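The sequence shown begins at 270 in the numbering used here and counts up by one. First comes the structure, then the notes that go with it.
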Amino acid sequence: MKRFLIPLLAVLSFPTIVNANSYDEKIFEERWPVFVDNNDYGIIYEESDFEMSCSLYINANNELKNHFVIFQRYQPDRDLLKDRVRLNQKVKVCNNKGIY
């Protein structure tokens with residue numbers, strides 16, 4: 270009985286593991302470009318439109334905060350903690366200026 274039960278349990282639990290990884294991959298594919306675009310455009314608009322750059326930085330900060338573990342798993346070479354610190358500083362400046 271044990272010879273059949275353990276492989277059966279392994280087979281039943283495998284689809285759950287596969288689905289979790291595919292979910293993380295889907296989240297990464299959908300949310301990573303949003304983070305990158307908001308971050309990059311925030312830098313571009315910083316000189317010309319401070320209010321727009323604040324909005325973009327806040328969006329990038331929220332994406333990074335909400336999906337940090339997934340981003341870190343799929344982008345191990347990027348220093349996301351450094352990005353997080355920089356974005357927090359930008360958001361604080363925006364809050365101090367009364368933008369948001």
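Virtual Cβ for every residue (Gly too), placed ideally from N, Cα, C. All of these numbers come straight from a predicted model, not from anything done at the bench.
Item	Value
Exposed or buried, what is Y292 when buried is set at 16 or more other beta-carbons lying within 10 Å of its beta-carbon?	exposed
Residues in the same chain with beta-carbon distance under 7 Å from A329, minus the five sequence neighbours each way, listed in chain order, please.	F304, N307, N308, G311, L356
To the nearest angstrom, report how far apart E298 and C323 are at their CA atoms.	24 Å
Going straight from the alpha carbon of L349 to that of F337, what length do you get?	8 Å
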